[in-house]
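Residue numbers (this note's numbering): 2 to 93. For reference, the structure discussed in these notes is given below.
Below, the structure written as structure tokens:
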């Protein structure tokens, strides 16, 4: 397993119950990719970026979130795969 991608850890952020998590450490950023469930047991994907920034008053952590609900996951996955493939083509 890539050392920058870690298995499930606790990511209790108050947005649904986390069922499965992957953590990707990338320099000053950490990405959490979670499968979560709502109170009515609907599944959704939660993408979280934590970014540490140095400021005059010290280190500040910014958090950005995106939720992809199960009815949109197929379209999102297809588009994400297309974009990743294009990025690979362009970087050759």
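Virtual Cβ for every residue (Gly too), placed ideally from N, Cα, C. These figures come from a predicted structure and were not determined experimentally.
Contacts around residue i, its chain only, beta-carbon distance under 6 Å, and the 5 residues preceding and following it disregarded
| i | result |
| --- | --- |
| residue 21 | 36 |
| residue 31 | 51 |
| residue 64 | 51 |
Cutoff 7 Å; reference residue i; Cβ partners in own chain excluding five residues on either side
| i | result |
| --- | --- |
| residue 80 | none |
8 Å contact criterion, which residue i and residue j should meet: CB distance rounded
| i | j | result |
| --- | --- | --- |
| residue 69 | residue 77 | 5 Å |
| residue 48 | residue 66 | 7 Å |
| residue 46 | residue 74 | 6 Å |
Per DSSP, cross-strand counterpart(s) of residue i
| i | result |
| --- | --- |
| residue 37 | 19, 45 |
| residue 28 | BP columns for residue 28 are empty, so no partner. |
| residue 70 | 45 |
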